[in-house]
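Oh and the sequence shown: position 116 is 229 in this note's numbering, straight run, nothing missing.
Heads up, the beta-carbon is just placed ideally off N, CA and C, and yes, glycines get one too.
If you're wondering where the values come from, they're calculated on a predicted model, not measured in any experiment.
What follows is a single structure, written as structure tokens, with notes after it.
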Amino acid sequence: MKYISTRNRQIEVCASQAIAQGISEEGGLFVPQMLPKLTKERLASLVEQSYIARAQNILADFLTDFTPEEIEQCVQGAYGGGRFASEKVAPGVQLDADTWMLELWHGPTCAFKDMALQLLPHLLTRASKKVALATQQPQRETVILVATSGDTGKAALEGFRDVAGTRILVFYPQDGVSEVQKLQMVTQEGENVDVCGVDGNFDDTQTAVKKIFTDPVIRADMQAKGMVFSSANSINWGRLVPQIVYYVSAYCDLVQNGAIALGENINVAVPTGNFGNILAAYYAKHMGVPIGKLICASNKNHVLTDFIRTGQYDRRRTFHMTTSPSMDILISSNLERLLYALCEDDQTVADWMKDLTANGVYSVSPAVKEKLQAEFYAGFCEEEQVLETIRTVWEKQGYLMDTHTAVGFAVREQYRKETGDNTVTIVASTANPYKFSPSILRALQGESGQVDEFAQAFMLSAHTNTRIPQQILALQDQPRRFETSCAKDQIAAFVKKTLDL
Ligand SMILES: *Cc1c(COP(=O)(O)O)cnc(C)c1O
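Spelled out as structure tokens, the structure:
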């Protein structure tokens with residue numbers, strides 16, 4: 114299986130190169146030249162398998178230059194050995210006759226990013242070895258640069274900590290993450306990790322980090338030092354491919370427990386930021402998983418809702434800090450992959466991305482807009498509605514959801530009301546509620562009068578009789594290792610200094 118760049122389809126690489134490199138040199142993203150197919154027979158055989166076996170099966174189709182043994186080691190290393198609190202890895206929880214919450218947050222950092230970032234280091238270290246062998250170059254140290262809206266940073270740090278041959282540098286918007294998210298990062302252990310707060314928002318941070326990747330001077334300095342950049346952001350194909358697995362697996366689980374018959378359509382609703390998670394569902398659909406509508410849910414930063422409804426992507430708007438910080442994004446990087454899939458024209462995609470950078474806006478053709486709307490329903494959720502949703506679902510169904518998940522759930526309800534479509538739906542549940550205790554507590558009780566996050570977590574636990582995850586409790590006693598912060602135009606300087614370039 115070959116991968117090509119969304120901005121230049123002449124650039125053709127194998128899976129290990131796509132993963133080792135992270136982003137194509139001209140700024141495009143790697144996408145598979147064509148998608149592997151899941152027939153009904155193959156789905157039927159997957160129904161009988163464990164999560165780990167399903168993952169091996171799907172990954173083998175995408176990572177054709179990995180041996181089956183290598184894939185098995187990677188998958189076991191990521192999802193085996195009790196690293197996930199649920200034996201099913203990503204269990205489904207039924208809320209009503211038509212609604213299943215796909216809980217993607219049973220990994221070590223309590224957010225769905227673990228699903229990909231527990232696997233990525235295993236894929237990446239093997240991919241780098243393969244690339245070095247193929248090019249007869251000495252293997253270089255891989256430096257992972259991450260811009261995070263909160264959850265990616267911690268999940269990447271945890272995945273890469275003390276992985277031989279790698280270093281990781283994480284940048285986060287200083288005032289744009291929750292207290293628990295921040296504590297999770299600044300207390301990170303490991304000899305190969307660095308964390309820095311940025312005086313700016315996530316888009317500023319992501320833009321600066323992306324620029325460093327393609328900066329020719331920095332790249333040359335890296336090369337001279339025997340280092341090479343890679344990305345743990347969802348622009349890396351190695352982040353997306355593990356996410357495809359859980360949609361296939363979730364479908365198999367629904368068949369297995371009798372919620373649907375094999376071949377029956379489901380819908381999928383996803384709280385969306387950088388468009389990675391919902392894109393994985395789109396790929397699963399086009400591999401052959403019977404999925405009808407993809408429901409794209411945004412918070413108050415609803416640039417994607419507007420895009421899907423109008424065909425115009427316009428980031429020239431106010432950026433809002435919301436109670437779902439991991440979705441506070443105005444430039445959804447992975448949308449580029451969808452655009453390529455819809456128009457299959459690298460030049461057009463390159464032009465749109467150029468327009469976005471230069472003018473903050475681009476418009477797709479009527480034909481592309483039509484395709485987009487056939488696949489996706491889009492909606493957004495105001496802040497009050499997020500809290501209202503958390504409270505109502507807790508009171509009526511006894512299910513406690515986090516703020517991001519609530520956005521997904523609420524937009525799915527909008528869709529159901531608007532269309533009367535009662536197809537069985539999977540709602541992606543993306544974080545453990547205790548990552549965002551103050552907001553959840555406010556939803557259930559109103560203002561608590563407490564400022565301390567942990568005090569609020571204890572109140573939430575007492576109020577709902579639910580358990581605070583051990584990893585979050587433990588943060589109270591861990592030393593803060595990384596207190597540094599920098600201006601948004603100082604990120605490159607920080608990277609150079611840290612890497613001694
Ligand atoms: C990252 C994240 C999202 C958004 O996922 P994308 O793949 O960026 O669209 C939603 N919820 C939580 C909790 C997240 O961490």
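- At a threshold of 8 Å, G220 does not count as near ligand 1, since its beta carbon sits no closer than that to any of the ligand's heavy atoms.
- Scanning G371, D264, A541 and Y453 for the CA closest to the CA of V481 turns up Y453.
- Nearest Cα to Y426 within the set F197, V368 and K467: K467.
- DSSP places I373 in the coil class of the three-state scheme, outside both helix and strand.
- Taking 8 Å as the cut-off, one finds at least one heavy atom of ligand 1 near enough to the beta carbon of M440.
- Residues of the same chain with a CB within less than 6 Å of the CB of T597, apart from the 5 flanking positions on each side, are C309 in chain order.
- Here the stretch 168-175 lies against the stretch 140-160, with 3 or more beta-carbon pairs under 8 Å apart.
- At a cut-off of 8 Å, the beta-carbon of T265 counts as near ligand 1: some heavy atom of the ligand is closer than that.
- Between S362 and A471, the beta carbon gap of about 41 Å keeps them out of contact (Cβ cut-off 8 Å).
- If you compare the alpha carbons of T579, T431, T385 and H433 with that of Y490, the shortest gap goes to T385.
- At least one heavy atom of ligand 1 sits closer than 8 Å to the Cβ of F225.
- Between G205 and W218, the C-beta gap is not smaller than 9 Å, which leaves the two residues out of contact.
- For C223, no pairing in a beta bridge is given by DSSP.
- Under DSSP, Q207 forms a beta bridge with W213.
- When the Cα atoms are used, K243 and Q252 turn out to be separated by approximately 9 Å.
- I124 and Q134 have their C-alpha atoms spaced approximately 13 Å apart.
- Setting aside the 5 residues that flank it on each side, L237 is surrounded in the same chain by I132, A133, T255, S343 and G351, each with a C-beta closer than 7 Å to its C-beta; the list follows chain order.
- Within its own chain, the residues whose Cβ lies closer than 8 Å to the Cβ of T318, once the five positions on either side in sequence are excluded, are A260, T261, F284, Y285, P286, V311, K601 and I604, listed in chain order.
- Beta-carbon to beta-carbon, R274 and G303 are separated by about 3 Å, close enough to satisfy the 8 Å threshold.
- With fewer than 16 other Cβ atoms from the protein chains shown falling within 10 Å of its own Cβ, K610 counts as exposed.
- For K509, the three-state secondary structure derived from DSSP is helix.
- Rounded to the nearest whole angstrom, the CA to CA distance from I581 to I117 is 44 Å.
- The three-state reading of DSSP puts K115 in strand, counting E and B together.
- From the listed residues V537, T320 and N314, the smallest Cα separation to A382 is found for V537.
- Contact check for L258 and F315: beta-carbon distance about 14 Å, past the 8 Å limit, so the pair fails to qualify.
- Inter-segment contact for the stretch 547-558 and the stretch 523-532 is absent: fewer than three beta-carbon pairs are separated by less than 8 Å.
- L270 has its alpha-carbon roughly 21 Å from the corresponding atom of S437.
- Looking at S542, E139, I391 and T222, the one whose alpha-carbon comes closest to that of L588 is T222.
- Following the DSSP letters along the chain, one finds D312 inside the beta strand (DSSP E) bounded by residues V306 to D312.
- Rounded to whole angstroms, N390 and Q356 show a C-alpha spacing of 7 Å.
- Apart from sequence neighbours up to five positions away, the residues of its chain that approach R429 with a beta-carbon distance below 7 Å are G473 and V474, ordered along the chain.
- Using a Cβ distance threshold of 9 Å, V416 and I442 count as a contacting pair.
- L500 has its alpha-carbon roughly 22 Å from the corresponding atom of I585.
- Counting only runs that start and end inside the stretch 249-333, the beta strand (DSSP E) elements of at least 3 residues fall at 254-260, 279-286 and 306-312.
- In this structure, G272 has its beta carbon at no less than 8 Å from each heavy atom of ligand 1.
- Distance between L282 and Q249, taken at the CA atoms: about 28 Å.
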